[in-house]
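Residue numbers (the numbering used here): 10 to 716.
Backbone N, C-alpha and C define an ideal beta-carbon position, used for all residues, glycine too.
The model shown is predicted, which means the values in this text are computed figures rather than measured ones.
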Amino acid sequence: MVPRALTLLGIAMIGSTILADEKTPPTITAKDREFWAFQTPKRPSVPKLSEPVRNPIDAFLLVKLQEKGLSFNPEASKEVLLRRVCFDLTGLPPTIEMAAEFFKEYAAKPQAAYEKLVDKLLASPAYGERWGRHWLDLAGYADSDGYLDADRLRPQAYRYRDYVIQAHNDDLPYSQFLTEQIAGDELSDWRRAEELTPEMIRQLTATGFLRNALDPTYPGYTEPNEIHQVISDTMQIVGTTFLGLTIQCARCHDHKFDPISHKDYYSLQNIFTPALDPNRWQPSGTRGIPMVPEAEAARIKEHNQKVTARVAELNMTLAKLTETHRKKIKNPKATEAELSEKVPEYKTEMEKIKTAVAAEQALTKELILLRGLSDIEGKPSEGRILLRGDHNKPGPVVGSAVPEVLAPSGYKFETKEGFKTSGRRLALAKWLTDPANPLTARVQVNRMWAQHFGRGIVPTVANFGKSGVTPTHPELLDYLATEFVRTGWSMKAMHRLMVNSSAYRQSSELDSAKKQADPNNQLLGRWRPRRLEGEAVRDSVLAVAGKLSEERFGPAAPVVPQKDNSVDTADDPQGNRRSVYLIVRRSKHLTLLDLFDTPMMEVNCPQRSSSTVPLQALALLNSPFSERNATALAERILKAAASDEERIAFAFKLLYTREARPSEIEKIRGFLAAIKAEQGKKPTALKDAWTQVAVVLLNSNEFVYVP
Numbered sequence: 010m011v012p013r014a015l016t017l018l019g020i021a022m023i024g025s026t027i028l029a030d031e032k033t034p035p036t037i038t039a040k041d042r043e044f045w046a047f048q049t050p051k052r053p054s055v056p057k058l059s060e061p062v063r064n065p066i067d068a069f070l071l072v073k074l075q076e077k078g079l080s081f082n083p084e085a086s087k088e089v090l091l092r093r094v095c096f097d098l099t100g101l102p103p104t105i106e107m108a109a110e111f112f113k114e115y116a117a118k119p120q121a122a123y124e125k126l127v128d129k130l131l132a133s134p135a136y137g138e139r140w141g142r143h144w145l146d147l148a149g150y151a152d153s154d155g156y157l158d159a160d161r162l163r164p165q166a167y168r169y170r171d172y173v174i175q176a177h178n179d180d181l182p183y184s185q186f187l188t189e190q191i192a193g194d195e196l197s198d199w200r201r202a203e204e205l206t207p208e209m210i211r212q213l214t215a216t217g218f219l220r221n222a223l224d225p226t227y228p229g230y231t232e233p234n235e236i237h238q239v240i241s242d243t244m245q246i247v248g249t250t251f252l253g254l255t256i257q258c259a260r261c262h263d264h265k266f267d268p269i270s271h272k273d274y275y276s277l278q279n280i281f282t283p284a285l286d287p288n289r290w291q292p293s294g295t296r297g298i299p300m301v302p303e304a305e306a307a308r309i310k311e312h313n314q315k316v317t318a319r320v321a322e323l324n325m326t327l328a329k330l331t332e333t334h335r336k337k338i339k340n341p342k343a344t345e346a347e348l349s350e351k352v353p354e355y356k357t358e359m360e361k362i363k364t365a366v367a368a369e370q371a372l373t374k375e376l377i378l379l380r381g382l383s384d385i386e387g388k389p390s391e392g393r394i395l396l397r398g399d400h401n402k403p404g405p406v407v408g409s410a411v412p413e414v415l416a417p418s419g420y421k422f423e424t425k426e427g428f429k430t431s432g433r434r435l436a437l438a439k440w441l442t443d444p445a446n447p448l449t450a451r452v453q454v455n456r457m458w459a460q461h462f463g464r465g466i467v468p469t470v471a472n473f474g475k476s477g478v479t480p481t482h483p484e485l486l487d488y489l490a491t492e493f494v495r496t497g498w499s500m501k502a503m504h505r506l507m508v509n510s511s512a513y514r515q516s517s518e519l520d521s522a523k524k525q526a527d528p529n530n531q532l533l534g535r536w537r538p539r540r541l542e543g544e545a546v547r548d549s550v551l552a553v554a555g556k557l558s559e560e561r562f563g564p565a566a567p568v569v570p571q572k573d574n575s576v577d578t579a580d581d582p583q584g585n586r587r588s589v590y591l592i593v594r595r596s597k598h599l600t601l602l603d604l605f606d607t608p609m610m611e612v613n614c615p616q617r618s619s620s621t622v623p624l625q626a627l628a629l630l631n632s633p634f635s636e637r638n639a640t641a642l643a644e645r646i647l648k649a650a651a652s653d654e655e656r657i658a659f660a661f662k663l664l665y666t667r668e669a670r671p672s673e674i675e676k677i678r679g680f681l682a683a684i685k686a687e688q689g690k691k692p693t694a695l696k697d698a699w700t701q702v703a704v705v706l707l708n709s710n711e712f713v714y715v716p
């Protein structure tokens, strides 16, 4: 079988043969730097309008709407607003109690009630779980190495997932969040510390970002093609996540569209060489960062080596003892159990040795290795351009640098070495988080906008280059980018700004004028309804069924392959945890999430697709997951009230955050009556009838779409 890396390399090489000679990279011109995305964002003035607006976002949007003779839709109902912002910020439906409190406060002071709700949701631990999942898509997070059926597990990978969730809940400034993931190991002298502080451990854990790429290497299998593909995938993750550029297109030749040269690519890659060195490769699963200072780690290793040696010596003694007694009874295939029965003295000696082995093994000290990244000791390999991306064709030597077009003319990439660290990645992080950087803030606020509004201001959220789509509202994008920096890179402050706008709070009705003037809603004169992502669908079903586990953080919950080749979870507290805590096994993807477009992490996923296919409805109608949770939902409804009318009212408040309409009440009452008549006096008739109602309610568009 041809390795994945070799296949990709072959394709890249074929595509590169018609392009320019790598030996003569183009010079960056003033015209190249004029492209909008390569210039530092400048804060524009907020447009002044004759009518009052809630916040600057509305002013920028209304200017373009008014040019077409349009305006915003009226504000959505309080029920719709509550569901919209709850799903958006936490990925969960509002509870009946939350709705009652909000509606009461909204009746008196709508604006204050809504703002209070937003603050409450941002303070919820569910916020980090929701928005942390968005980031894990970007990072390409998985709990296994991938590569066909091998797909070895990464037992400590969950610590990075927990870091991401907690960082969002703590509102860690984005500049710091970025820096820790790129260079957390270069922020302190942790190697020589007397003990690792919680801050050090957090920063070291953050570097797991650079260990997310699919990695099939292991001791005894370190094929150069695979190694270089791991590095290439890591570069792609870094480029799409922080720069919003397709830098991977310059791996084999000068970028076809953007002024990013072949040399730029390998100069940027060389920043990571001290840690990701193809000539001193450390396979997945064997490298990591000890959760103790280096001196303590060395003592633990030395201690464990001595324990291992003593255990080996004891096992050798046992083997000799066993062989001796086999010879005595003249049976070379006698097992230890058989010898124990036939030779009492053997049993006594064997038990003594095994007791000693157990005692020795109990002395082993656990040395937890964070799945993070740090520089490898020793001199890193020389950086070179790989002609046409082929590691067998090393070209000219390159230093460490950022893409020339993104830096001011004459810019020099300067590093400061530390103890056993080159300082290269920290220098990269400082450049990325410099307010003058043209892309970092723009890319992140655009990504947040896309999650909130369903479409980025730059629709191609991972491609701000010349082959990407130009921004629909460039002044608004630059305002948001500069505001992001001004507010200390606070992601929660940016959320507040976006979800408090009139643009976010408007209804989704489409009138004829808007249909004609702006059919694709690029001007955002109405709300764009969206289907929930797979995780939100699954978590919402568990929530309304009363089965969603509140256990947070820690090792991933397992998934269970079924006889029909589907993959499900166990119906227990572990299996009913939020989807972000389920194991992300590249070879065993949870079927329900797979059907609802949760990505398989080949590299990373800057932007999810949203499909509508029959299998989605079939899974919600007939899968074991749906059946058991519909039953639980029916039981919850039956316990909540004594009459069918009261139960119907409870069900609609629970699932849809609204009162049931008369026509809906009549349909459900008629259905219940028909089922009861059909089943007669069967003891489970009432439960069976409500279970079928629950299945229908869970399958409605209103449950799986945000209005």
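query                                                                                                                                                                : result
Just to confirm before moving on: does the CB-CB distance between Tyr488 and Arg52 stay below 9 angstroms?                                                           : yes
For Ile210, does the three-state DSSP call read helix, strand or coil?                                                                                               : helix
Report the rounded CA-to-CA distance for Gly297 versus Arg380, giving the unit in angstroms.                                                                         : 5 angstroms
Going by alpha carbons, who is nearest to Pro353 out of His312, Ile338 and Ala365?                                                                                   : Ile338
Suppose you measure from the CA of Phe112 to the CA of Val593; what does that come to, to the nearest Å?                                                             : 38 angstroms
Using only the alpha-carbon positions, how far apart do Ile362 and Glu347 sit?                                                                                       : 17 angstroms
Determine the DSSP secondary structure at Leu378, reduced to helix, strand or coil.                                                                                  : strand
Mind pulling the beta strand (DSSP E) runs of 3 or more residues that sit fully within the segment 295-359?                                                          : none
With burial defined as no fewer than 16 other Cβ atoms inside 10 Å of the residue's Cβ, what is the status of Ser588: buried or exposed?                             : buried
Determine the closest residue to Tyr115 out of Asp97, Lys87, Gly141 and Leu131, with distance taken between C-alpha atoms.                                           : Lys87
Which whole-angstrom value describes the C-beta separation of Asp399 and Lys429, a residue pair presumed to lie in contact below a C-beta threshold of 8 angstroms?  : Not confirmed; about 32 angstroms, so no contact.
Less than 9 angstroms between the beta carbons of Asn455 and Leu486, yes or no?                                                                                      : yes
Identify which residue in Gln238, Asn472, Ala565 and Gly534 has its Cα closest to the Cα of Glu76.                                                                   : Gly534
What residue does the alpha helix (DSSP H) around Leu624 start on, and which one ends it?                                                                            : Pro623 to Asn631
Between Leu739 and the rest of its own chain, which residues show a CB-CB distance below 8 angstroms, the 5 nearest in sequence each way excluded?                   : There is no way to answer for residue 739, as the model of the chain reaches only from 10 to 716.
Between the segment 318-336 and the segment 365-374, can you find at least three pairs of beta-carbon atoms closer than 8 angstroms?                                 : yes
Distance check for Asp194 and Val55, CA to CA, integer angstroms please.                                                                                             : 41 angstroms
Throw me the rounded Cβ distance for the Arg586 and Glu560 pair, which I believe falls under 8 angstroms.                                                            : 6 angstroms
Exposed or buried, what is Leu181 when buried is set at 16 or more other beta-carbons lying within 10 Å of its beta-carbon?                                          : buried
Between the Cα of Met503 and those of Asn710, Ser635, Ala490 and Val94, spot the shortest distance and give me the residue it belongs to.                            : Ala490
Using the C-alpha atoms, what's the distance from Ala39 back to Ala29?                                                                                               : Since pLDDT at Ala29 reaches only 37, below the 50 mark, its modelled position is unreliable, and the value read off the structure follows with that caveat. Computed Cα separation, rounded: 21 angstroms.
I think Ile269 touches Pro134, with their Cβ atoms under 8 angstroms apart; what is that distance to the nearest whole Å?                                            : No, Ile269 and Pro134 are not in contact; Cβ-Cβ is about 40 angstroms, not under 8 angstroms.
Quick one, are the C-beta atoms of Pro302 and Trp199 less than 9 angstroms apart?                                                                                    : yes
Look up Val715 in the DSSP assignment and say whether it is helix, strand or coil.                                                                                   : strand
Which class does Asn710 belong to by DSSP, given the choice of helix, strand or coil?                                                                                : helix
Helix or strand or just coil, what does DSSP make of Gln701?                                                                                                         : helix
Go through the segment 376-463 residue by residue and report every complete run of the alpha helix (DSSP H) that reaches 4 residues or more, in order.               : 433-441 and 449-462
For Asp158, which beta-bridge partners are listed by DSSP?                                                                                                           : In DSSP, Asp158 forms no bridge with anything.
Check this for me: beta carbons of Val5 and Gln616, under 9 angstroms apart or not?                                                                                  : There is no way to answer for residue 5, as the model of the chain reaches only from 10 to 716.
Report all residues from its chain with a CB closer than 7 angstroms to the CB of Asp160; omit the five preceding and five following residues, and keep chain order. : Ser153, Asp154, Arg594, Arg595 and Ser596
Sort out for me which residues DSSP pairs Leu591 with in a bridge.                                                                                                   : Ala566
Asp527: which of Glu673, Ile174 and Thr481 sits nearest, CA to CA?                                                                                                   : Thr481
Whole angstroms is fine: what's the gap from Leu506's alpha carbon to Ile66's?                                                                                       : 8 angstroms
Can you name, in chain order, every residue of its own chain whose Cβ lies under 8 angstroms from the Cβ of Cys614, other than the five neighbours on each side?     : Asp146, Leu147, Gly149 and Pro608
Out of curiosity, what's the CA-to-CA distance linking Glu391 and Lys475?                                                                                            : 32 angstroms
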